[in-house]
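**Q** In my numbering, the protein residues as written are 1049 to 1333.
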Amino acid sequence: MRRIVFVLALLATPCFGDGQLPVFQKGMTFTHGYRPRNNLLSDASEAALRHLRDKVHAEWIAINPFSYQRTIGDPSLYFGDDPPDSHLIHAIHQAHELGLGVMLKPHIWLRQRDDDAWRGKIGMANEEDWRLWFENYARFILHYARIAEREQVEIFCVGVELAQTMKEREQDWRVLIAEIRQVYDGPLTYAANWWGEYDEIEIWDALDYVGVNAFFPLSEDSDPDLQALRTGAHQVADQVELVHKQTGLPVLFTEVGYKSVRGSTVKPWEWVRRFEPAVDLQLQS
C-alpha cells in the first residue's frame, strides 16, 4: 500500500513567531488513502505517523483536505467531508504530539475526466462566474485557514496548481491572500506547478515562500545512470535558485514525487496508470 508521497524540502526560511523554522525540512504528504478503515481517526493512521517519524525520519507532514469541482468551467465547489473536520483536527493533534510540523494544503479535485481535467486549467467564461468561483473558493480556503490558526498549524498553503486563475486573476488572488492573513497568523505559500507557473506568476511578493510542486524531469533516458540524474538535479536546482534570487524568498518543495518504476524520471508527473512497469524500490533508492 503506497499512499505517502515525498513533500516539503525547504531550502531556507524566515523567522516565524518566537522561533525559527529549520533551514531544511524533511517531510511527507499524509493521506487517509481513500479507504474508510484507514481514515485519519484510525489506529492505522497513528501507526503511519509513527512510522514516518521513526523509520522514514520525516519531521513534517502535509495534510490535504479536498474540495470538489465538476468541471474546469464550473464555479461551484463542494467541501467538508474529505476528510471530515474532526478527522483532520485529530490528525493534526497526533502529528503535533509526535513532534511533527504540519502544513495544511487544501486541494481542488475535479470530477471532470478528460484531457482538460487538471486544476491548472480552471477558468471561467465570464465575470459573474469568476466572481462566484472566487466567492466559493474563499469560503473553502478560509474555512481551513481558520482551522490552521486554531490548531497552530505551522504553514498554510493558499492553493495548489491553479495556474490559469493565477495568470488571469492576480488581483483577486491578492485580495484573497489578504483575507487569509486576517484569520491565519502563520507563514503562507502557494503550491505552483513546476512547469509554466512557479517561475512566471507575480504573486510571490504577497506570500512567505515560493512553493513548487517539483515534478521536474531529470533525464530523457528511461534508464539513466547516477551521473545523469545528478546532472538533471543540478539543472533543476539552478532554475529554482534563480527564482529564489528574483523573489528574495525561501523555496519550499510542496510536492516531490518519482514513482518506483523504470522511466519515472522522464515524466514523473504521470501518476495515473498509463504505464505499469514493475515496481523497483532498489531503482528508486
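Glycine included, C-beta positions come from ideal geometry on N, C-alpha and C.
Remember, it's a predicted structure, so these values are computed and weren't measured experimentally.
(1) Classify A1106: buried if its beta carbon has 16 or more other beta carbons within 10 angstroms, exposed otherwise.
(2) To which residues of the same chain is G1336 closer than 7 angstroms at the C-beta, ignoring the five residues directly before and after it?
(3) Using three-state DSSP, classify F1182 as helix, strand or coil.
(4) Closest to L1148 by C-alpha separation, out of E1202, G1244, D1247, would be which residue?
(5) Please classify V1309: does DSSP put it in a helix, a strand, or coil?
(6) Use the C-beta contact count for K1307: other C-beta atoms within 10 angstroms, 16 or more gives buried, fewer gives exposed.
(7) Report the rounded CA-to-CA distance for D1286 versus D1091, giving the unit in angstroms.
(8) Using CA coordinates, which residue listed in T1119, P1132, S1267 is at the minimum distance from I1195?
(9) Could you tell me the alpha carbon to alpha carbon distance between D1269 and A1165, rounded to whole angstroms?
(10) What's the call for N1174, buried or exposed, on a 16-neighbour Cβ count within 10 Å?
(11) In three-state terms, what does DSSP make of P1316?
(12) On a Cα-Cα basis, can you pick out the residue from E1250, K1315, N1261 that is closest to Q1294?
(13) Can you give me the Cβ contacts of H1184 inside the same chain, cut-off strictly under 8 angstroms, excluding the 5 residues immediately before and after it?
(14) Do the CB positions of G1168 and E1209 come within less than 7 angstroms of each other?
(15) Mind pulling the beta strand (DSSP E) runs of 3 or more residues that sit fully within the segment 1229 to 1265?
(16) Taking 7 angstroms as the cut-off, decide whether the C-beta atoms of F1182 and S1115 are in contact.
(17) Between the Cα of E1245 and the Cα atoms of E1216, D1273, D1271, L1224, which residue gives the shortest distance?
(18) Using a Cβ-Cβ cutoff of less than 6 angstroms, which residues in the same chain neighbour V1288 once the five nearest sequence positions on both sides are dropped?
(19) If I measure Cβ to Cβ from D1271 and keep anything under 7 angstroms in the same chain, skipping five residues before and after, which residues do I get?
(20) Locate the beta strand (DSSP E) running through M1172, then write down its first and last residues.
(21) Just to confirm the assignment: which complete beta strand (DSSP E) runs, minimum length 3, are found wholly within the segment 1135 to 1161?
(22) Please report the Cβ distance between L1190 and E1227, rounded to the nearest whole angstrom; I am assuming they are in contact, meaning their Cβ atoms lie under 8 angstroms.
(23) Please list, in chain order, all residues of the same chain as L1297 whose beta carbon is under 8 angstroms from its beta carbon, the five residues on each side excluded.
(24) So what does Q1117 bridge to, in DSSP terms?
(25) Would you mind sorting C1063 into buried or exposed? The rule is 16 or more other CB atoms within 10 Å of its CB.
(26) Give the straight-line distance between the Cα atoms of K1315 and F1263, rounded to the nearest whole angstrom.
(27) Who are the near neighbours of W1242 in its chain, counting only those whose CB is closer than 7 angstroms to its CB and skipping five residues on each side?
**A** With the given structure in hand:
(1) buried
(2) Here the chain comprises residues numbered 1049 to 1333, so residue 1336 is not present and cannot be evaluated.
(3) helix
(4) E1202
(5) strand
(6) buried
(7) 42 angstroms
(8) P1132
(9) 28 angstroms
(10) exposed
(11) coil
(12) E1250
(13) Inspection of the sequence shows that residue 1184 is occupied by Asn rather than by His. Hits under 8 angstroms: P1123, S1124, L1125.
(14) yes
(15) 1236 to 1241, 1258 to 1262
(16) no
(17) E1216
(18) V1299
(19) R1310
(20) Segment: none, M1172 is in no beta strand (DSSP E) and carries neither H nor E.
(21) 1149 to 1152, 1155 to 1158
(22) 7 angstroms
(23) W1252, L1255, D1256, Y1257, V1258
(24) L1158
(25) Summary for C1063: the model assigns pLDDT 36, below 50, so the residue's position carries little reliability; its value from the coordinates is reported in the next sentence. So C1063 ends up on the exposed side.
(26) 8 angstroms
(27) V1260, N1261, A1262, F1263, F1264
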